[in-house]
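The structure under discussion appears below in the form of structure tokens.
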Amino acid sequence: MRTTVLKALSVLAFALLMIGAVLQVDWPEWTAEGDANITNEEVGQAMFGQGDDQGYALVLFLIGLLLLVALLGGIFLAKEEEKE
Amino acid sequence: MIPITYWLILSFLLFSIGAYGVLSRKNAIVVLMSIEIMLNAANINFVMFSSYYSVLHPTAPAAQEALGQVFTLFSIAIAAAEVAVGLAIFLVVYRRYKTIDVDKINILRW
Chain A
22 MRTTVLKALS VLAFALLMIG AVLQVDWPEW TAEGDANITN EEVGQAMFGQ
72 GDDQGYALVL FLIGLLLLVA LLGGIFLAKE EEKE
Chain B
23 MIPITYWLIL SFLLFSIGAY GVLSRKNAIV VLMSIEIMLN AANINFVMFS
73 SYYSVLHPTA PAAQEALGQV FTLFSIAIAA AEVAVGLAIF LVVYRRYKTI
123 DVDKINILRW
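Chains A and B, in that order, give the protein sequences.
When you read off a place in the first sequence, starting at 1, and then add 21, the result is the number in the working numbering.
When you read off a place in the second sequence, starting at 1, and then add 22, the result is the number in the working numbering.
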């Protein structure tokens, strides 16, 4: 019980510290001419575009491969052991 | 437009809830769920700072503006892989020890 309260207090202290730090920063204001809404087209451009700072889809495919390997490993680990 | 500080506060609160879950809960599945909450707090930061960047730099290329969203997609994929492996490990641990209490699973050998 006591350790739970201690953990809760330490997490709360961390949250308050971070929130206090954020509130102290003088963030630039949102400007009227800027557009904060990123469209799906822009995300698609970033992933599949041909420019120098575009084309992140390959990395996503590699991560997809990692996910596949992780799933296969998970199935292998969770498989029932055969009784001899 | 919602100010950036509100998003950051939401993110820190989510992170703190996740951290509390990891520190205090004993069920391994709840610990995994808490880790997911912490990852989602990081994802909110990615998307929020990306939107903020695109507002502050209206002439930036579209692909640069959407970089945070793309990294969030990566992060979600990594989180899915992590949960798949974690659940499989907990399944094996349950078969071996008949518990997934993280306080009782304290040796890293079979």
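For glycine and all other residues, C-beta sits at the position ideal for the given N, C-alpha and C.
Query - Reduced DSSP secondary structure (H/G/I, E/B, other) of residue 128(B) - result: coil
Report task. Excluding the 5 residues preceding and the 5 following residue 25(A) in the sequence, name in chain order all residues of the same chain whose CB lies nearer than 8 Å to its CB. Result -> none
Query raised in the report: Mind checking residue 94(B): buried by the 16 CB within 10 Å criterion, or exposed?
Result: buried
Query raised in the report: Quick one: is residue 51(B) buried, meaning 16 or more other Cβ sit within 10 Å of its Cβ, or exposed?
Result: exposed
Query raised in the report: Does the beta carbon of residue 79(A) come closer than 9 Å to any beta carbon on chain B?
Result: no
Query raised in the report: Near residue 69(B), which residues of its chain fall below 8 Å by C-beta distance, leaving aside the five closest residues on each side in sequence?
Result: 90, 91 and 94
Query raised in the report: Opposite residue 49(B) in the DSSP bridges: which residues?
Result: 123(B)
Query raised in the report: For residue 57(B), which of helix, strand or coil comes out of DSSP?
Result: helix
Requested in this report: Kindly indicate if chain A contains any beta-carbon less than 9 Å away from that of residue 64(B).
Outcome: no
Query - Every unbroken alpha helix (DSSP H) within the segment 71-107 of chain B, with a cutoff of 4 residues, ordered by chain - result: 84-87
Query raised in the report: Using a beta-carbon distance below 9 Å, is residue 56(B) in contact with chain A?
Result: no
Report task. Run down chain A in chain order and give the residues with a C-beta less than 8 Å from the C-beta of residue 121(B). Result -> What residue 121(B) touches in chain A: nothing, since even the nearest Cβ is about 17 Å away.
Query raised in the report: Start and end of the alpha helix (DSSP H) containing residue 102(A)?
Result: Where residue 102(A) is concerned, there is no enclosing alpha helix (DSSP H), given that its DSSP letter is neither H nor E.
Report task. Spell out whether any CB of chain A is found under 9 Å from the CB atom of residue 31(B). Result -> yes
Report task. Output, in sequence order along the chain, the residues in the segment 93-119 of chain B whose CB is closer than 8 Å to any CB in chain A. Result -> 95, 96, 99, 100, 102, 103, 104, 106, 107, 109, 110, 111, 113 and 114
Report task. Output, in chain order, the set of chain B residues within a Cβ distance shorter than 9 Å of residue 94(A). Result -> 106, 107 and 110
Query raised in the report: Which residue from 39(B), 82(B), 28(B) and 116(B) puts its Cα closest to that of residue 46(A)?
Result: 28(B)
Query raised in the report: Per the contact definition of three or more C-beta pairs closer than 8 Å, is the segment 41-59 of chain B in contact with the segment 96-113 of chain B?
Result: yes
Query raised in the report: Along chain A, which residues have their Cβ under 7 Å away from the Cβ of residue 26(B)?
Result: 48
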